[in-house]
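K.L.:
Numbering (the numbering used here), first residue to last: 49 to 782.
A virtual CB, placed ideally from N, CA and C, is assigned to each residue, including glycine.
1. So residue 154 is in the beta strand (DSSP E); what residue range does that whole segment cover?
2. Have a look at 261, 564, 304 and flag the residue whose alpha-carbon is nearest the alpha-carbon of residue 250.
3. Nearest CA to the CA of residue 93: which residue from 74, 80, 72, 115?
4. By a C-beta neighbour count over all protein chains shown, 10 Å radius and 16 as the cutoff for buried, is residue 331 buried or exposed?
5. Report the rounded CA-to-CA distance for residue 547 versus residue 694, giving the unit in angstroms.
6. I'd like to know whether the C-beta atoms of residue 735 and residue 697 end up nearer to each other than 9 Å.
7. By the 10 Å Cβ neighbour count, where 16 or more other Cβ atoms means buried, how is residue 663 classified, buried or exposed?
8. Using 10 angstroms around the beta-carbon of residue 372, count the other beta-carbons present and answer buried if the total reaches 16, otherwise exposed.
9. Quick test of your reading: residue 466 and residue 453, contact by CB under 8 Å. State the CB separation rounded to the nearest angstrom.
10. For residue 68 versus residue 110, is the C-beta spacing smaller than 9 Å?
11. Measuring alpha carbon to alpha carbon, tell me which residue in 357, 89, 280, 198 is nearest residue 481.
12. Just the Cα atoms here: how many angstroms apart are residue 296 and residue 313?
13. Specify the secondary structure class of residue 99 as computed by DSSP and reduced to three states.
14. Please report how far the alpha carbon of residue 334 lies from the alpha carbon of residue 367, in whole angstroms.
15. Between the beta-carbon of residue 472 and the beta-carbon of residue 374, is there less than 9 Å?
16. Residues in the same chain with beta-carbon distance under 8 Å from residue 242, minus the five sequence neighbours each way, listed in chain order, please.
17. Can you tell me which of 162, 154, 675, 155 puts its alpha carbon nearest to the alpha carbon of residue 77?
18. So what does DSSP say about residue 621, is it helix, strand or coil?
19. Could you pull out every residue in the same chain whose Cβ sits closer than 8 Å to the Cβ of residue 189, ignoring the five residues on either side in sequence?
20. Counting only the same chain and skipping the five closest in sequence on each side, list residues whose C-beta sits under 8 Å from that of residue 386.
21. Quick one: give me the first and last residue of the beta strand (DSSP E) that residue 505 is part of.
22. Expressed to the nearest angstrom, what Euclidean distance is found between the alpha-carbon atoms of residue 488 and residue 424?
23. What three-state label does DSSP hand residue 50 in the structure shown?
24. Of the residues 99, 773, 743, 185, which one's Cα is nearest the Cα of residue 607?
25. On the three-state DSSP scale, how would you describe residue 274?
26. Let me make sure I understand the geometry here. Which of 601, 426, 280 has the alpha-carbon closest to that of residue 468?
27. Decide if residue 186 is buried, meaning its Cβ has at least 16 other Cβ atoms within 10 Å, or exposed.
28. Go to residue 769, then tell me how far its beta strand (DSSP E) extends in each direction, as first and last residue.
29. Hey, out of 728, 567, 379, whose CA is closest to residue 544's CA?
30. Could you check the C-alpha separation between residue 554 and residue 537 for me, to the nearest Å?
31. With DSSP as the reference, label residue 309 as helix, strand or coil.
32. Under 8 Å by Cβ, that's how I've got residue 625 and residue 661 pegged, so tell me the actual separation to the nearest angstrom.
33. Compute the Euclidean distance between the alpha carbons of residue 321 and residue 232, then round it to the nearest angstrom.
34. Apart from the five residues on each side of it in sequence, which residues of its chain come closer than 7 Å, Cβ to Cβ, to residue 590?
35. Quick check on the DSSP output: what are the complete alpha helix (DSSP H) runs of length 4 or more inside the segment 230-310, in order along the chain?
36. Counting only the same chain and skipping the five closest in sequence on each side, list residues whose C-beta sits under 6 Å from that of residue 599.
Take a look at the structure:
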């Protein structure tokens with residue numbers, strides 16, 4: 049096992065797909081785990097023998113030695129090691145077999161949201177730890193029982209010897225009697241106390257002298273427990289660790305474990321003697337372990353396991369009664385930004401405050417649970433008797449939650465504002481189980497995210513089709529990256545003289561069956577799955593290679609800079625400036641000819657980090673532009689601080705600039721701001737002569753749009769630039 053003192057858990061990933069191993073490795077390593085990799089079961093078993101990992105992630109279908117053989121090895125040789133099966137939907141029978149054979153958990157590939165993987169790893173590591181602690185504690189209790197039973201047997205033996213040799217053993221008997229921590233008692237067959245050890249004071253707070261002659265059976269809180277114990281004593285002559293509630297002096301009920309022996313002479317006289325002890329602490333420890341297994345340790349809310357149990361019960365009850373329920377899956381927008389910028393301490397307090405607010409507005413029969421990260425679930429039971437009324441009430445609860453969470457949250461010296469994306473699903477729809485209902489809620493929540501966040505969306509059957517389509521698109525996108533189906537097109541940028549002065553590189557997917565696919569179709573999937581990082585790296589590297597090629601050609605004079613779009617995920621990489629610098633060095637591209645386009649959201653999301661990275665690019669000579677300026681939340685104060693080079697006017701303002709006075713005023717203002725700050729301006733979406741003339745009149749010096757050219761493949765773009773150079777910049781449409 050790993051070094052517990054250092055708190056580092058070792059995780060072994062066994063999968064024949066390198067991409068999966070590497071994604072798991074990088075993600076889990078970021079959260080402090082030591083990760084080992086094995087490309088097949090044979091290597092995995094070797095690492096199990098040599099490294100003794102804390103947890104195993106294993107695929108089922110692998111060459112040489114498959115996942116079931118690995119599972120058999122772990123169960124046989126390291127049964128305390130959690131093993132999570134990670135496999136595709138096509139092997140669900142194998143997954144079921146694996147669970148029967150001893151797998152702790154399973155996940156279906158592909159794992160879109162790696163926070164689900166992190167949750168599964170944490171949950172099963174915690175479950176393993178609790179299991180070890182519980183087993184150790186149970187062993188301790190068994191040792192105590194054996195010890196106490198041995199003490200009792202020894203005491204009883206000494207008592208019997210004392211009856212035979214009273215003079216010799218009285219002193220020894222009294223010593224044992226006085227030193228017992230458990231309560232020793234001796235009663236007649238009617239339960240009248242003949243002898244009682246002084247430890248009764250510590251256990252039930254009674255004075256020994258006052259209980260002598262009293263009926264011990266009257267101190268049982270439940271007479272039925274007493275009757276069962278006496279029946280057992282009469283039948284077999286003894287009881288061991290018989291649990292019953294005894295009433296203490298203050299009236300409280302104390303759980304006690306009783307071990308006793310019944311002796312009776314031929315004449316009918318007899319007595320019962322034994323010991324009992326207060327097991328309150330043991331019961332509390334067992335209850336604590338049980339609670340920890342089904343509750344979130346941070347918020348004390350029910351966890352995923354308890355939620356699924358309650359949801360399954362609610363589903364069955366709803367079907368019997370004919371009432372409908374609702375499940376709301378809530379994800380906190382931009383929580384990761386708060387957590388990363390202000391620290392996990394603030395993030396944890398924020399989650400606790402959200403938990404309290406959610407719990408405050410629910411009925412006693414409803415459930416609020418935290419299922420991982422910043423995701424909460426609200427389970428509403430018996431909401432309505434028909435779908436229309438149920439949906440209306442669920443919508444009302446969701447609106448109340450959205451309002452409640454929008455109120456400011458003060459933590460330490462920070463006043464925080466958050467918004468939720470809420471997915472709602474009603475149930476029962478058909479014969480769905482608890483996992484399916486939760487999946488429907490997640491699908492609806494994802495739709496809320498896509499619609500702009502701080503939104504509420506219901507699950508509809510079509511949503512599931514969209515989710516399946518996303519999975520298919522992700523698979524095809526991975527193939528597209530591997531098969532070089534992604535292409536860079538270039539849209540020329542024209543200056544006031546009509547000459548080409550630069551271009552923007554735009555990503556396209558040349559699908560062998562569906563033709564040209566635009567980025568708005570596949571970029572959201574790339575961002576969701578993390579593929580945006582390798583795609584962004586490819587775009588940047590490809591653009592730099594072309595910059596280097598064009599710099600040594602006759603086109604160099606017309607291509608002052610080539611701009612590429614940078615995703616938020618790419619820009620927020622800690623070493624992004626270093627990555628750009630290495631790509632420039634590898635390709636030999638002139639940094640002064642490279643431009644990076646950022647959206648307003650990226651620019652103001654973390655201003656300090658943005659300024660630091662932009663300063664690094666300034667030192668390299670790389671130009672920075674803000675894309676779609678005016679559509680987001682930019683602040684003039686931020687613009688003043690940022691070392692920008694270019695503002696790009698969004699096409700939504702340009703397209704109606706000659707018909708809409710408001711748009712004209714906005715464009716005029718942006719140009720004036722840029723001029724005041726010493727920035728270049730490029731107008732996007734120029735499609736008519738009238739738009740061009742308006743922009744020229746307002747002093748905008750660079751233009752981009754279909755009036756000049758659509759985005760072109762590399763060869764056509766080079767031909768276009770060469771033709772305009774020969775025609776000396778005469779405006780024309782391509």
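P.N.:
Checking against the coordinates, here is how it stands:
1. 153-157
2. 304
3. 115
4. exposed
5. 18 Å
6. no
7. exposed
8. buried
9. 6 Å
10. no
11. 357
12. 33 Å
13. helix
14. 34 Å
15. yes
16. 234, 235, 236, 260, 319
17. 162
18. coil
19. 330
20. 394, 395, 398, 464, 466
21. 504-506
22. 14 Å
23. For residue 50, the predicted structure reports a pLDDT of 49, less than 50, and the residue's modelled location is therefore unreliable. The matter cannot be settled from this model.
24. 773
25. helix
26. 426
27. exposed
28. No beta strand (DSSP E) contains residue 769, which is instead part of the alpha helix (DSSP H) from 762-774.
29. 728
30. 5 Å
31. strand
32. 6 Å
33. 7 Å
34. 536
35. 248-252, 256-259, 271-284
36. 638
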